[in-house]
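Undergrad:
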Amino acid sequence: MKFTISWLKEHLDTKFKDYQIIEKLTDVGLEVENYEKVSSDLDNFKVAKIINTEQHPNADKLKICDVDIGEQNPIKVVCGAPNAKNDLLTVYAGPGSMIPKNNMKLTVSKIRGVTSYGMLCSESELNLSDESDGIIELKLKKYSDKIGKNFFKNNSEKVIDLSITPNRPDCLGVRGVARDLAAAGIGKLKNNSNIKVKNNGSQKIKVSITKDKNQGCTIFGTCFIKDVTNKESPKWLKDKIISLGQKPISAIVDITNYVMLDLNRPLHAYDADKIDKEIIVRTSEKGETFEALDNKEYKLDNDMCVISDKSGVLGLGGIIGGTRSGTELNTKNILLESAYFLPRSIRKTSKLLNIDTDAKFRFERGIDPQSIEIGLKKAAQLITKICGGNVSNFDVQSIRKYKKNNIKFKIPLFEKIVGFKIKDKEVIKILIDLGFEVSKKKSELELKIPTWRPDITQPIDIVEEIVRIKGFNNIEILEPQKNRIKDTLNKQQKLFHFLQRSVASKGYFETVTWSFTDSKINNFFKESYKEIKIVNPISSDLDVLRNSIFPNLAFYLKKNLDRGFKDISLFEIGPTFKDNKPGEQLTVIGGMKSGKISRLNWNEENRLVDVFDAKKDTIQTLLEAGYDRQNLFVREKSPSYYHPGKSGSVYLDKDDIDPVAYFGEIHPNIIKKLDIKTEALVGFEIYLDYLKDTKLKLKDSKSKFQFSDYQKSDRDFAFVVDKNFKAQDLIEIISSIDQNLIKSVKIFDVYEGENVSKDKKSIALKVTIQSSEKTLEDSDLEKINRLIISTVEIKSGAKIRS
Amino acid sequence: MSDIKKIKDEFLNKLSADLNIESVNQIKSELFGKNGKISIFFKKLGSLPAEERKKFASDLNFIKNELQEKINKKIQEIEIKEINSKLENEKVDITLPERNIIQGKIHPVSQVIDEISSIFSEIGFSVEEGPDVENEHYNFTALNTPDNHPARDMHDTFYLDDTKELLLRTHTSPVQVRTMLKGKPPFKIIAPGRTYRSDSDQTHAPMFHQVEGLHIDKNINMGHLKGCLNYFIKSFFEVDKIKMRFRPSHFPFTEPSAEVDIGYELKDGKIVIGEGDKWLEILGCGMVHPNVLKNVKINSDKYQGYAFGIGIDRLAMLKYGINDLRAFFETDYRWLNHFGFDPLDVPSNYRGLSR
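Those protein sequence lines, which keep their order, are chains A and B.
The numbering of the first sequence is my numbering, which starts it at 49 and goes up by one.
The numbering of the second sequence is my numbering, which starts it at -18 and goes up by one.
#1: Quick one, are the C-beta atoms of E713(A) and V698(A) less than 9 Å apart?
#2: To the nearest whole angstrom, what separates the beta carbons of G224(A) and W562(A), a pair I think is in contact under 8 Å?
#3: Evaluate G77(A) with the Cβ neighbour count: other Cβ atoms within 10 Å of its Cβ, from every protein chain shown; 16 or more gives buried, anything less gives exposed.
#4: CB-CB under 7 Å to A38(B), same chain, minus the five flanking residues each way: which ones, in chain order?
#5: Can you tell me which of the three DSSP states S177(A) falls into?
#6: Along the beta strand (DSSP E) that carries F338(A), what are the first and last residues, could you check?
#7: Check the DSSP bridge columns for W260(B) and list the partner residues they point to.
#8: Using the Cβ count rule (16 or more neighbours within 10 Å means buried), how would you classify P131(B)?
#9: Can you grab the Cα-Cα spacing for the pair G208(B) / L195(B), in whole Å?
#10: Can you list, in chain order, the residues of the segment 554 to 566 of chain A whose Cβ is nearer than 9 Å to any Cβ on chain B?
#11: Just the C-alpha distance for F409(A) and T304(A), rounded to the nearest angstrom, thanks.
#12: Please classify R330(A) as buried or exposed, where buried requires at least 16 neighbouring CB atoms within 10 angstroms.
#13: Got a sec: which bits of the segment 609 to 633 of chain A sit with their beta carbon under 9 Å from any beta carbon on chain B, in order along the chain?
#14: Quick one: grab the DSSP three-state call for L746(A).
#15: In three-state DSSP terms, what is H88(B)?
#16: Secondary structure at S281(B), three-state DSSP: helix, strand or coil?
#17: Give me, in chain order, the residues of the same chain whose beta-carbon lies closer than 8 Å to that of F217(B); leave out the 5 immediate sequence neighbours on both sides.
#18: Would you decide whether K199(B) is buried or exposed? Buried here means 16 or more other CB atoms lie within 10 Å of its CB.
#19: Please decide whether Y331(B) counts as near chain A, where near means a Cβ-Cβ distance under 9 Å.
#20: Which residue marks the beginning of the alpha helix (DSSP H) containing L547(A), and which one marks its end?
#21: Hey, is the segment 286 to 297 of chain A in contact with the segment 348 to 355 of chain A, meaning 3+ C-beta pairs nearer than 8 Å?
#22: State yes or no: is the beta carbon of I279(B) nearer than 9 Å to at least one beta carbon in chain A?
#23: In angstroms, rounded to a whole number, what distance separates the CA positions of K358(A) and H316(A)?
#24: Select from A299(A), E79(A) and P507(A) the residue whose C-alpha is nearest the C-alpha of T277(A).
#25: Relative to the C-alpha of I323(A), which candidate in M308(A), R849(A), K380(A) and G118(A) has its C-alpha closest?
#26: Counting contacts by CB-CB distance shorter than 9 Å, is H152(B) in contact with chain A?
#27: What residues in the segment 461 to 477 of chain A have a beta carbon less than 9 Å from any beta carbon of chain B?
#28: Using CA coordinates, which residue listed in A123(B), G105(B) and N116(B) is at the minimum distance from L274(B)?
#29: Please classify Q633(A): does DSSP put it in a helix, a strand, or coil?
#30: According to DSSP, what are the bridge partners of S356(A)?
#31: Tell me where the beta strand (DSSP E) around V162(A) begins and ends.
#32: Which stretch, first to last residue, makes up the beta strand (DSSP E) that contains H231(B)?
#33: Give a single yes or no on whether E492(A) has its beta carbon closer than 8 Å to a heavy atom of the ligand MG.
#34: Going by Cα to Cα distance, which pick from L829(A), I327(A) and I117(A) is closest to D193(A)?
#35: Please tell me whether Y287(B) and G267(B) are closer than 9 Å, where the distance is taken between their beta carbons.
#36: Comparing alpha-carbon positions, which option in K334(A), L383(A) and D260(A) lies nearest D321(A)?
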């Protein structure tokens, strides 16, 4: 919503200064987005100084000038003026400027092989005089400190640009803004009821509103203006239209626009001679077409509100007119329309046809249904004044009456909501100034709501009106109450924050990527999940919700590899999606690690990252979160995007069906298909939703501290087992032989090769044996020793290595 | 007597020379060995007459101790010397790099979410969450934004089906609705999370983060709202004073509604929060609309309260001087390293919000 202070003052009698008006606008909820002059073509002409000239290599009469235009570096301009010389102050026109004399638009161009950035101007080129022999010579005294400044003074008035919230259609007109300011004490709203028009005779074109079920028009007012002379608008009107950044078209069109901006009362002018017999306001039939004023042909659906005549559709009511009945400079007779269209109907039609116009914007938010006649009056008055003509009586057809709505308002509600009190008298004054009709019964007000305020429907809306006009700065700051209803975080949220920092502490950089991703990458990681398409993605490579953390992680890891990084550890914790319904999502930590450990290290051997790095990070994270290593169980099973032989899944318990995590090397095929250039790539995923809360609270588990001071003994074993036999099972077998005595089982070597047959491997392990009751004798140790060997041999088919 | 004195002087003299450990041991056995010079005198003791014996024994012991002490001292000296000369050879170039340091980083958005949660925790708020995928009802209708409402145009919504029933939430406000539906008042919650709008340019990302706040009780008014936000902003920016301006605005789900600006100034191209004559919009808030309370079956005559929504990414940018919103989501390793936080830096009230 744009307007100037002088326009505002046509409605507001005020002695306040401009800056006070600007401040008050924001204070009452009409946010000032901008307050500045509209830039003009003439802003392109700058005061400039020639700092160096040299001869053009290919043309005797041309010079190449270095020109200071107030920027960091001088620019090069080719100039043919004989008076161009060092230290001359002159006028420079940059690329894009329009030369007033010949309306030629400047571009960066090559003049005989030398590029010229703009030109230096003569007085005649700027229409200042006929002097065309050389460029302007500016007086040193007056202009030496103005280099880079505009040569022409911009005389246009500053324009206020308001950001109007959707609930305030009334402030889409200057008068509405003036009313709010007046209520807030910034002046007095001028009377608007003294517009006089001479009406002669009846309006001859028959107008009817059909009673269709989905009729979108409820009032249709018209007047006929005979014998007008349409023309270019007078300067005051043109200036107003231009100051708002719009283009003047013709007096009649400009006047209808002006009234719309002034009163928020959209109007439409038809060339009456082009109307076939009568106006019928009806709903459209599917397939009807018409050509709109934006020169597009629209094909209509059922139930759109159209203005038609005997020959068909003339326009879409409240949205856009048609070319068939448009006014032109030679238009002689016009029919002026001032109507009311239902917001819902406007919104539906414009959405379906994808049309956005100023009228639509306003009708959709709600126009004052009682502004039909004032609109006709004001426009007719201006038209007759500028274009002449005779105005008929106003013809207003309506199928619905609009009365002011009533509302009861208990004054104490105000204090209850905003926390401070104001006098009843002041409440009443504010409401009256805003256009309410007020009658008071004890502490209750009976209010008639002005018809231009469709947003006000209940008492809370009245509270808002009073407090915004009174000023939000009157609301007291109350110290926050510290009472607590619930713990800040629940267990799952605590786990989230813990795991996040646990993974980061292992050297991973946390990233946050989109919840959506490229379906082509997602396909590599989506497994059996459903693809969830976004109907209107911002780009075709962000077209689905991610089924896994990995697609984005892999994509950005690759980007960083391409930046020259090699050893990258990235993770993200966030949602992955199973389906397109609310709640069908999982919270997952995904981590990826590429390259080498200890690259370029002077005292440590470097090596590639491998599956056991991923496993360590996964298991350690789970341990840190409080899960017991003894219970964690690893299986080979893992999603297909992992290396089939170098990946696994982790279960909180051997008997669990759902894994809580996957880890492994990324499948070489995927690395290849995504063109990820790295020596090695591993990853892991931890599923927070599956992390059952099995652990004891610390206060419960801490109390059980038991240890033994009796001597402990280590025994080494080497077992030869089948190649496919799992180390985890071997440890499990040994540990469960005697849980009281066997304190730990540690694998310290795995060997395949010479002296071990091809389908076997040798696992060497150290078993720590300790009793909590006594020092074990040699015989006790020998016994357990034999038991370990025999049990392992029976249960695993292993052989002790001699 | 003079004999042993002579021996003593002779050996003390010997021991004061520069000796190695072997020669000291040699001397030791010469004196105290089975037939050592001192040992022999001890053997002779028995044969002395009783009146001489006592005095001689005392003198002998005295000299023995003196020699013994000298030998021990000498051995210690030599050992220290040996260690010192060994250390001389064990010297390394201590300026060589240490073993590899691995240091992870927490994303600024996560850090700021933790900061926000810590601040609100202090005044009794708990954290709630809601799904990223929402239906039209929770995201709009229940929040007093019916289908034909132009306010819907303010949200460029990502849809997940053609009927526009399923969508990515455009704000965290649906968490208000879900929280109130599943519980009973009073409510005092914040809800941080991802939000989505389908516009994308230098200052808009298709995904960003918001934190929703909701406090519903019997007598919560706009003064409490102001107090809560004033406390939050001061705590978050870690300043004692803040210039704050409440400006009337419009959100369908609050009435009255306000936007909040904070005062700032530019110093050397950096934004300094708290003072200055410029205003920066940082959040939207208001009193929860009676229609919203009605939609979640709460009696608005009995309960009332406020709600607010703050852009988390923007707060992070302001506090930590990050210029480009899009960079938050581009996973540039250099950026993450620079703007990321050490995982041990857990914002809390007693250790401070940030270093």
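We treat Cβ as the ideally placed atom computed from N, Cα and C, and that holds for glycine.
TA: Quick answer:
#1: For the purposes of this step, residue 713(A) is taken as the residue at position 665 of the first sequence. For the purposes of this step, residue 698(A) is taken as the residue at position 650 of the first sequence. Not a contact, by the Cβ cut-off of 9 Å.
#2: On the first sequence, residue 224(A) is found 176 positions in, with the first residue counted as 1. On the first sequence, residue 562(A) is found 514 positions in, with the first residue counted as 1. In fact, because the Cβ distance is near 42 Å, the residues do not count as touching under 8 Å.
#3: Within the first sequence, the letter at position 29 stands for residue 77(A). The residue is buried, with at least 16 neighbouring Cβ atoms inside 10 Å.
#4: In the second sequence, counting from the first residue as 1, residue 38(B) sits at position 57. Hits under 7 Å: L26.
#5: On the first sequence, residue 177(A) is found 129 positions in, with the first residue counted as 1. S177(A) falls in the coil class under three-state DSSP.
#6: The residue given as residue 338(A) occupies position 290 in the first sequence. Where F338(A) is concerned, the enclosing beta strand (DSSP E) stretches over T337 to E339.
#7: As a position in the second sequence, residue 260(B) is number 279, starting the count at 1. Answer is G244(B).
#8: As a working mapping, residue 131(B) is identified with position 150 in the second sequence. The residue is buried, with at least 16 neighbouring Cβ atoms inside 10 Å.
#9: Stepping through the second sequence from its first residue, residue 208(B) is reached at position 227. Stepping through the second sequence from its first residue, residue 195(B) is reached at position 214. Answer to the nearest angstrom: the Cα atoms are 14 Å apart.
#10: K554, G555, Y556, F557, E558, T559, V560, T561, W562, S563 and F564
#11: Residue 409(A) sits at position 361 when you count from the first residue of the first sequence. Residue 304(A) sits at position 256 when you count from the first residue of the first sequence. Their backbone Cα atoms lie some 16 Å apart in a straight line.
#12: Looking up residue 330(A) in the first sequence gives position 282. Its Cβ being crowded by 16 or more others within 10 Å, R330(A) is buried.
#13: R611, F613, I616, S617, L618, F619, E620, I621, G622, P623, F625, D627, N628, K629, P630, G631, E632 and Q633
#14: Your numbering for residue 746(A) matches position 698 in the first sequence. Three-state DSSP puts L746(A) in a helix.
#15: Indexing the second sequence from 1 puts residue 88(B) at position 107. In this structure, H88(B) counts as coil in the three-state DSSP scheme.
#16: Start at 1 with the first residue of the second sequence, and residue 281(B) comes out as number 300. DSSP places S281(B) in coil when its eight states are reduced to three.
#17: The count along the second sequence starts at 1 and reaches residue 217(B) at position 236. So the list reads E96, I97, I100, L296, K300 and L334, once near-sequence residues are dropped.
#18: Indexing the second sequence from 1 puts residue 199(B) at position 218. Exposed: under 16 other Cβ atoms inside 10 Å.
#19: Counting from 1 along the second sequence, the entry for residue 331(B) is found at position 350. Answer no: the Cβ-Cβ gap between Y331(B) and chain A never drops below 9 Å.
#20: Locating residue 547(A) in the first sequence gives position 499, where the first residue counts as 1. That run of the alpha helix (DSSP H) goes K539 to A552.
#21: no
#22: Locating residue 279(B) in the second sequence gives position 298, where the first residue counts as 1. It does not; no Cβ of chain A falls within 9 Å.
#23: Numbered from 1 along the first sequence, position 310 holds the residue referred to as residue 358(A). Numbered from 1 along the first sequence, position 268 holds the residue referred to as residue 316(A). C-alpha separation (whole angstroms): 19 Å.
#24: As a working mapping, residue 277(A) is identified with position 229 in the first sequence. For T277(A), the nearest C-alpha among the options comes from A299(A).
#25: As a first step, residue 323(A) is located in the first sequence; it is residue number 275 there, counting from the start. Considering only alpha carbons, the answer is K380(A).
#26: Within the second sequence, numbered from 1, the residue matching residue 152(B) stands at position 171. No, H152(B) does not count as interfacial toward chain A.
#27: E463, K464, I465, V466, G467 and F468
#28: Here residue 274(B) corresponds to residue number 293 of the second sequence, with the count starting at 1. Nearest of A123(B), G105(B) and N116(B) to L274(B), Cα basis: A123(B).
#29: Here residue 633(A) is taken as the residue at index 585 of the first sequence, counted from 1. The answer is strand: DSSP assigns Q633(A) an E or B state.
#30: Indexing the first sequence from 1 puts residue 356(A) at position 308. In DSSP, S356(A) forms a bridge with I328(A) and V361(A).
#31: Walking along the first sequence from the start, residue 162(A) turns up at place 114. V162 to S164 is the extent of the beta strand (DSSP E) around V162(A).
#32: As a working note, residue 231(B) is residue 250 in the second sequence. Here the beta strand (DSSP E) through H231(B) covers M225 to F232.
#33: No copy of the ligand MG occurs in the structure displayed, which carries no ligand at all.
#34: As a working mapping, residue 193(A) is identified with position 145 in the first sequence. For D193(A), the nearest C-alpha among the options comes from I117(A).
#35: In the second sequence, residue 287(B) corresponds to position 306, counting from 1. In the second sequence, residue 267(B) corresponds to position 286, counting from 1. Cβ atoms of Y287(B) and G267(B): closer than 9 Å.
#36: Against the first sequence, residue 321(A) aligns to sequence position 273. That would be L383(A), whose Cα lies nearest to the Cα of D321(A).
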